[in-house]
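Everything on this sheet refers to the single structure shown next.
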Amino acid sequence: METESRIVEYICNTAFTDLPYSALRVVKNQLLSVIGTTIAGASAEGCESIVSLGKEIGGKAEASILIHGGRVPAAQAAFANGVMARALDFCDALAPGAHIGSAVIPAALASAELAGGCTGKDFLNAVTIGTEIGIRLNLGEYQYDGFDPTGVCVPFASTAASAKILGLLEKETWNALALAFNKCGGSFQANVDGALAVRVIEGWSSEAGVTCARLAQRGITGPANFLEGIYGYFHLFGRDRVAVKEVISNLGSEYRLESLMFKKYPSCDLTQGSTDAILSLMEEHAIDARILERIEITVPPYTYKLVGHPFQIGTNPKVNAQFSIRYCVANALLRKSSKLEHFEELSIKDPGVLELAKKIEVISDPAMEVRGHTPLDMRVLTRDGKEFLKRIDVAPGFPGNPLTQKEHLQRFRDCIDFASKRPPESNIDRIRDTVEHLETMRDVRDLVPLLILDQVSR
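So our numbering is basically just the index in the sequence shown, starting at one, shifted up by 872.
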């Protein structure tokens, strides 16, 4: 149980002063991203129903539902806020598909309200620790093999953050993580089929953090060997192919938060490269969609299985579009950009986009795997016989090709401008400034009123 013991020790004993500036910089960008996507996603399909259901169920008023307002049990607040944060799929992510911030931050915020407040330093510390644990327990494509990484490794992250804020002792933290292990699950079939379950899994992963921490506080135990045991995480989900020592290597002295990616475009992380490739070719060669013959995009099998299938509009068009290379490329061709409004139903059903999508072929090639997680080769053919090629190994926003700080701020602004319910402009400036200087806050709960609205603003 060396791995379990080392992780628990790290969670319980790490102080804010132990954190490097580089880790805090990433977490502040993560927080700004999640606030932005929560504001923008608050009215997305299914979100208002989940908020309404949470209020109908009721219970002790422990924590706040953001944007819509109302106080509910802390776990229910984390669930609803997590769903909203993930709804537009524009939050931070981690290859091969885990979305950590949209679960960890709602869980941490709900836990802070439950605890009667915490300082900005303590909040940043908890989110950093939780995110680091999620990154280290993240698995590879072939280990997940269709499991949704968000539902598998992220419950550990949100539980670690909640346990830290609620002040759990080492034994309690151990049990909280062990209980979280029993909450792991979720399938990428929801992404393929365009189901709202994608964002619900995010909410469950956030809710699990609060629930597991509170259960452990009350003496509920989980399996002690939840990672290394014969039927533990490394066997059941890791398929006995985890480099166990690497999980805790330099834990506490080496931070891996820079492996997080922040999307340049509001769609699945595996569509980022294709979107960027076509926009680059259009800028470089003035390619006009009207003379397009066809586009061939070659990607690794994992990418193809998740986002390479033919584009079809199902019961949830937004999710169908977010998880389709063909739609994302057709959209960029037609509109010369990729914006949040392009993933609304009217834009998705535009006949011009649908016709262009039919001219895009996505090809699966196992030989691409040696080039990493996001490689692609794009071949554009026009009716006048011209051919244009683009090769991408690292998509924008991924480690090795990160966004600039200016681009982070622009992403936040884009979310605000898209939102149907949004804070007044004076609050937007305060939110941005509060996040940048969060370590100076006496009580992180002071952020909550800035994120609750009383009326529709457009």
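From the three backbone atoms N, C-alpha and C, an ideal C-beta is built for every residue, glycine too. Just so we're clear, the structure is a prediction, and the values are computed from it rather than from any experiment.
The beta carbon of residue 881 is closer than 8 Å to those of 1042 in its chain, skipping five residues each way along the sequence. As a beta-bridge residue in DSSP terms, residue 1170 pairs with 1235, 1249. Taking residue 1316 as the centre and dropping the five residues before and after it, the same chain places the C-beta of 984, 990, 992, 995 closer than 6 Å to its C-beta, in chain order. CA-CA distance, residue 936 to residue 977, rounds to 13 Å.
Distance from the CA of residue 1214 to the CA of residue 1170, rounded to the nearest whole angstrom, comes to 24 Å. A Cβ-Cβ contact shorter than 8 Å links residue 1111 with residue 1015.
In terms of Cβ geometry, residue 1023 and residue 1057 form a close pair [threshold 8 Å]. Every unbroken stretch of the alpha helix (DSSP H) spanning 4 or more residues and falling wholly within the segment 1060-1120 is given here in chain order: 1061-1065, 1069-1089, 1105-1108, 1116-1119. Taking a contact to require three or more Cβ pairs closer than 8 Å, the segment 1149-1161 and the segment 1290-1307 do not qualify as touching.
The three-state secondary structure of residue 951, taken from DSSP, is helix. Leaving aside the five residues that flank residue 1092 on each side, the residues in its chain whose CB is nearer than 7 Å to its CB run, in chain order, 1047, 1051.
Between the alpha carbons of residue 1009 and residue 1055 lies a gap of roughly 15 Å. A direct Cα-Cα distance of roughly 45 Å separates residue 929 from residue 1234. In the three-state scheme derived from DSSP, where H, G and I count as helix and E and B as strand, residue 896 is classed as helix. Using a 10 angstroms sphere on the CB of residue 905, the tally of other CB atoms reaches 16 or more, which defines it as buried. Straight across, the Cα-Cα distance linking residue 1251 with residue 1287 is about 32 Å. In the displayed model, residue 1262 falls within a strand according to three-state DSSP.
DSSP places residue 936 within a strand segment (E or B) once states are collapsed to three.
Note on residue 916: 16 or more other CB atoms within 10 angstroms of its CB, so buried under the neighbour-count rule. The beta strand (DSSP E) runs lying completely inside the segment 1138-1202 and spanning 3 residues or more are 1164-1171, given in chain order. The bridge partners DSSP lists for residue 966 are 970. Take residue 973, set aside five residues on each side of it, and the residues of its chain with a beta-carbon closer than 6 Å to its own are 902, 906, 963, 964, in chain order.
The bridge partners DSSP lists for residue 1313 come to none. Sequence-distant partners of residue 1313 (beyond 5 residues in either direction) whose C-beta falls short of 6 Å from its own C-beta, in its chain, are 992. Exposed is the label assigned to residue 885, since fewer than 16 other Cβ atoms lie within 10 Å of its Cβ. Contact between the segment 1099-1118 and the segment 920-929 is not established, with fewer than three Cβ pairs separated by less than 8 Å. One Cα belongs to residue 953, the other to residue 1247, and the distance between them is close to 33 Å. The Cβ-Cβ distance between residue 1129 and residue 898 falls below 8 Å. In this structure residue 969 is not in contact with residue 1027, their Cβ atoms being roughly 15 Å apart against a cut-off of 8 Å. Within 10 angstroms of the beta-carbon of residue 1223 lie fewer than 16 other beta-carbons, which makes it exposed.
Relative to residue 1004, the option among 1244, 1131, 1210 whose CA is nearest is 1131.
According to DSSP, residue pairing for residue 1324 in a beta bridge involves 939. DSSP places residue 1033 in the uninterrupted alpha helix (DSSP H) bounded by 1026-1037.
Going by beta carbons, residue 1201 and residue 1254 fall outside the 8 Å limit.
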